[in-house]
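Q: Below are the structure tokens for one structure; questions will follow.
Chains as they are written, first to last, in the working numbering: chain W, 5 to 244; chain V, 5 to 244.
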């Protein structure tokens, strides 16, 4: 009897932006579950710490990605952010404060630059799919995490490359866009994600202990708390 | 009597993509004539030769730009182009061949990546203007030199940054878009550009002598010939 593979989804190639954080790791698990063969792209962009890059390397291995590239880009040289410059990372901000305005940790044009590289790599790989773990619910006020930004980038991308001029259609996938942090965590756990591998903190210690107090730590801890789950990450400070 | 400065244009800040070639140098001269204070951005992107970067440094000095940043980005690592990989640069192509299709020297998503960096720097500088010397007449078939690509990038850029979310309007200036190579050269000479400083060739010798035969050399030589002018660049081969 000839074996059939009707229940197996065809393998397609996707470029995925992998930061080493909770969101991009969940996005990777979702892309994999959807049958994509993943080419992961991580940036060493002048951020304060290399811990999240070490995490990205371990996650890429655990996820079985086809290839993982770490690209050096010196955004810090152009300045303008608490994540790359010498402005301190804000800590212990109240919910209302976190939800208003754009924080100091915003990095000018970061997602535009990351997606531009992903677009170039996608074309080289003949891939029509890019995954990015942006989120418009618990999105920390970054303009380049909004649905209208992603839609405009996709429109531009479809005019930018040889592949699209020759008739291919590029899609930017944002499976987390309308999920809460709690829903993201629940989705990831259902897909077997080990969140102990992920790094979320904007300002971890040299050995990778999360501060527990920056906006990113607060959003993550709230997500686990709302889901009634224990966060496997080690924290320097107790829950606020 | 109080001196007035009604005839002096107010100085505005612009980020300009400067390759060291004829087009970006002419664009710089036009931006300067229009009263902009120029912050020039050049990329070492894995291209075969560093001669054009040396040219960019000399041009930036000659043009009196406020600041010149040279950013290292390794596009060659992602592959896919004769300008960064090991595909040979095509030579002595006929006009009809040059005008059809997208050449091997196309670098995937190059202008998208360059403009993304320019956008980030513009935001840090609080600049609302970006200049790029793309051209849709003698444009060598690159998809990311077309007016529709530039327009889509500008739309995206105006959704991407803190500055634009807060009400600023970013403009991508393409003053060469509808000029022929001859018109570009004539415009530059009228503004005092020294084209002896510029590098156009895709495949120059180690000491910066242009090959004279690649698409870029052919377009440049035709531009000078049509203008009835002598090209100050040194060439390895005689005019075809």
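Backbone N, C-alpha and C fix where the C-beta goes; we use that ideal spot for every residue, glycine too.
Give the straight-line distance between the Cα atoms of residue 81 (chain W) and residue 98 (chain V), rounded to the nearest whole angstrom.
A: The residue given as residue 81 (chain W) occupies position 77 in the first chain. The residue given as residue 98 (chain V) occupies position 94 in the second chain. Their backbone Cα atoms lie some 43 Å apart in a straight line.
Q: If I measure Cβ to Cβ from residue 128 (chain W) and keep anything under 6 Å in the same chain, skipping five residues before and after, which residues do I get?
A: Sequence index remark: in the first chain, residue 128 (chain W) carries index 124 (1-based). Once the five neighbours on either side are set aside, residue 128 (chain W) has no close Cβ partner at all.
Q: Using the Cα positions of residue 17 (chain W) and residue 210 (chain W), report the straight-line distance between them to the nearest angstrom.
A: Translated into the one-based positions of the first chain, residue 17 (chain W) becomes position 13. Translated into the one-based positions of the first chain, residue 210 (chain W) becomes position 206. Approximately 35 Å between the Cα atoms of the pair.
Q: Report the residues of the stretch 122-146 of chain V with a CB closer than 7 Å to any CB of chain W, ordered along the chain.
A: Of all residues in the stretch 122-146 of chain V, 123, 124, 125, 127, 128 have a Cβ within less than 7 Å of some Cβ in chain W.
Q: Using the three-state DSSP reduction, which class does residue 6 (chain V) fall into: helix, strand or coil?
A: By 1-based counting over the second chain, the position of residue 6 (chain V) is 2. With a pLDDT of only 45 at residue 6 (chain V), under 50, the local geometry of the prediction cannot be trusted, and no value is derived from it.
Q: For residue 238 (chain V), is the classification buried or exposed, using 16 other Cβ atoms within 10 angstroms of its Cβ as the cut-off for buried?
A: Here residue 238 (chain V) is taken as the residue at index 234 of the second chain, counted from 1. Burial call: exposed.
Q: Roughly how many whole angstroms lie between the Cα atoms of residue 113 (chain V) and residue 136 (chain V)?
A: Along the second chain, read from residue 1 onward, the residue named residue 113 (chain V) stands at position 109. Along the second chain, read from residue 1 onward, the residue named residue 136 (chain V) stands at position 132. Using only the alpha carbons, I get a separation of about 15 Å.
Q: Please classify residue 152 (chain W): is it buried, with 16 or more other beta-carbons within 10 angstroms of its beta-carbon, or exposed?
A: In the first chain, the residue the question calls residue 152 (chain W) occupies position 148. So residue 152 (chain W) ends up on the exposed side.
Q: Less than 6 Å between C-beta atoms, sequence neighbours within five positions excluded: which residues of the same chain meet that for residue 170 (chain W)?
A: Here residue 170 (chain W) refers to the residue found at position 166 of the first chain. Contacts found: none.
Q: Please give the ranges of any alpha helix (DSSP H) in the stretch 41-89 of chain W, keeping only runs that are unbroken, at least 4 residues long and fully inside the region.
A: Entirely contained in the stretch 41-89 of chain W, the alpha helix (DSSP H) runs reaching 4 residues are, in chain order, 55-67.
Q: Name, please, each residue of chain A whose Cβ falls closer than 8 Å to the Cβ of residue 153 (chain V).
A: The structure shown contains no chain A; its protein chains are W and V.
Q: Shortest alpha-carbon distance to residue 36 (chain W) belongs to which of W:216, W:195, W:234?
A: The count along the first chain starts at 1 and reaches residue 36 (chain W) at position 32. Among W:216, W:195, W:234, the Cα nearest to that of residue 36 (chain W) belongs to W:195.
Q: Between residue 157 (chain V) and chain W, is there a C-beta pair that is closer than 8 Å?
A: Position 153 of the second chain, counted from the first residue, corresponds to residue 157 (chain V). At least one chain W Cβ lies under 8 Å of residue 157 (chain V).
Q: Can you tell me which of W:94, W:131, W:31 puts its alpha carbon nearest to the alpha carbon of residue 172 (chain W)?
A: Against the first chain, residue 172 (chain W) aligns to sequence position 168. Of the candidates W:94, W:131, W:31, the one whose C-alpha sits nearest the C-alpha of residue 172 (chain W) is W:131.
Q: Apart from the five residues just before and just after residue 202 (chain V), which ones in its own chain have a Cβ nearer than 8 Å to its Cβ?
A: As a first step, residue 202 (chain V) is located in the second chain; it is residue number 198 there, counting from the start. The answer, listed in chain order, is 24, 25, 26, 29, 59, 63, 237.
Q: Anything in chain W within Cβ reach of residue 191 (chain V), meaning under 8 Å, just list it in chain order.
A: Start at 1 with the first residue of the second chain, and residue 191 (chain V) comes out as number 187. Those do not exist, as residue 191 (chain V) stays about 27 Å from chain W at its closest Cβ, beyond 8 Å.
Q: Hey, does residue 75 (chain W) have any beta-carbon neighbour from chain V nearer than 8 Å?
A: For the purposes of this step, residue 75 (chain W) is taken as the residue at position 71 of the first chain. Answer yes: the Cβ-Cβ gap between residue 75 (chain W) and chain V drops below 8 Å somewhere.
Q: May I have the straight-line CA-CA distance separating residue 185 (chain V) from residue 215 (chain W), to the nearest angstrom?
A: Along the second chain, read from residue 1 onward, the residue named residue 185 (chain V) stands at position 181. Along the first chain, read from residue 1 onward, the residue named residue 215 (chain W) stands at position 211. Taking the straight line joining both Cα atoms gives about 57 Å.
Q: Along the chain, which unbroken stretches of the beta strand (DSSP E) at least 3 residues long are found entirely within the stretch 155-204 of chain V?
A: The qualifying runs are 175-177.
Q: For residue 20 (chain V), which beta-bridge partners are listed by DSSP?
A: Looking up residue 20 (chain V) in the second chain gives position 16. V:44, V:135, per the DSSP bridge assignment.
Q: Mind checking whether residue 157 (chain V) and residue 183 (chain V) have CB atoms under 8 Å apart?
A: Here residue 157 (chain V) refers to the residue found at position 153 of the second chain. Here residue 183 (chain V) refers to the residue found at position 179 of the second chain. Against a cut-off of 8 Å, the Cβ pair of residue 183 (chain V) and residue 157 (chain V) comes out as no contact.
Q: In chain W, which residues lie with their C-beta within 7 Å of the C-beta of residue 110 (chain V)?
A: For this step, residue 110 (chain V) is matched to residue 106 along the second chain. Correct list: 166.
Q: Can you tell me whether residue 226 (chain V) is helix, strand or coil according to DSSP?
A: Residue numbering aside, residue 226 (chain V) sits at position 222 when the second chain is read from its first letter. If DSSP states are grouped into helix, strand and coil, residue 226 (chain V) belongs with the helices.
Q: Which residues in chain W have a C-beta closer than 7 Å to the C-beta of residue 148 (chain V)? List them in chain order.
A: One-based indexing of the second chain puts residue 148 (chain V) at position 144. The contacting residues are 164.
Q: Can you check whether the C-beta of residue 20 (chain V) is within less than 8 Å of a C-beta belonging to chain W?
A: Within the second chain, residue 20 (chain V) is the residue found at index 16, counting from 1. So no, residue 20 (chain V) is outside the interface.
Q: Have a look at W:192, W:187, W:177, W:149 and flag the residue whose alpha-carbon is nearest the alpha-carbon of residue 164 (chain V).
A: Translated into positions along the second chain, residue 164 (chain V) becomes position 160. Nearest option by C-alpha distance: W:149.
Q: Can you tell me which of W:40, W:206, W:43, W:180 puts its alpha carbon nearest to the alpha carbon of residue 221 (chain W)?
A: As a working note, residue 221 (chain W) is residue 217 in the first chain. For the residues W:40, W:206, W:43, W:180, the minimum Cα distance to residue 221 (chain W) belongs to W:206.
Q: Would you mind giving the Cβ-Cβ distance between residue 95 (chain V) and residue 217 (chain V), rounded to the nearest angstrom? I have them listed as a contact below 8 Å.
A: On the second chain, position 91 is the one that residue 95 (chain V) refers to. On the second chain, position 213 is the one that residue 217 (chain V) refers to. Rounded, the Cβ-Cβ distance is 4 Å, consistent with contact.
Q: Do you know offhand how far residue 117 (chain V)'s Cα is from residue 44 (chain V)'s?
A: One-based indexing of the second chain puts residue 117 (chain V) at position 113. One-based indexing of the second chain puts residue 44 (chain V) at position 40. Each residue's Cα considered, the two are about 15 Å apart.
Q: State the beta-bridge partners of residue 214 (chain W) as determined by DSSP.
A: Position 210 of the first chain holds residue 214 (chain W). According to DSSP, residue 214 (chain W) bridges with W:239.
Q: Hey, does residue 117 (chain W) have any beta-carbon neighbour from chain V nearer than 8 Å?
A: For the purposes of this step, residue 117 (chain W) is taken as the residue at position 113 of the first chain. Output row for residue 117 (chain W): interface = yes.
Q: Using CA coordinates, which residue listed in V:42, V:39, V:55 is at the minimum distance from residue 204 (chain V)?
A: Numbered from its first residue, the second chain carries residue 204 (chain V) at position 200. Ranking V:42, V:39, V:55 by Cα distance to residue 204 (chain V) puts V:55 first.
Q: Can you give the Cα-Cα distance for residue 61 (chain W) and residue 61 (chain V), rounded to whole angstroms?
A: Taking the first residue of the first chain as 1, we reach residue 61 (chain W) at position 57. Taking the first residue of the second chain as 1, we reach residue 61 (chain V) at position 57. Answer to the nearest angstrom: the Cα atoms are 37 Å apart.
Q: List, in chain order, every chain V residue whose beta-carbon is nearer than 7 Å to that of residue 38 (chain W).
A: The residue given as residue 38 (chain W) occupies position 34 in the first chain. Within 7 Å Cβ-Cβ: nothing; residue 38 (chain W) doesn't reach chain V, min ~24 Å.
Q: At what residues does the alpha helix (DSSP H) containing residue 27 (chain V) begin and finish?
A: Position 23 of the second chain, counting from 1, holds the residue named residue 27 (chain V). Here the alpha helix (DSSP H) through residue 27 (chain V) covers 26-37.
Q: Where does the unbroken alpha helix (DSSP H) through residue 234 (chain V) begin, and where does it stop?
A: On the second chain, position 230 is the one that residue 234 (chain V) refers to. It is not in any alpha helix (DSSP H) - residue 234 (chain V) carries neither H nor E in the DSSP assignment.
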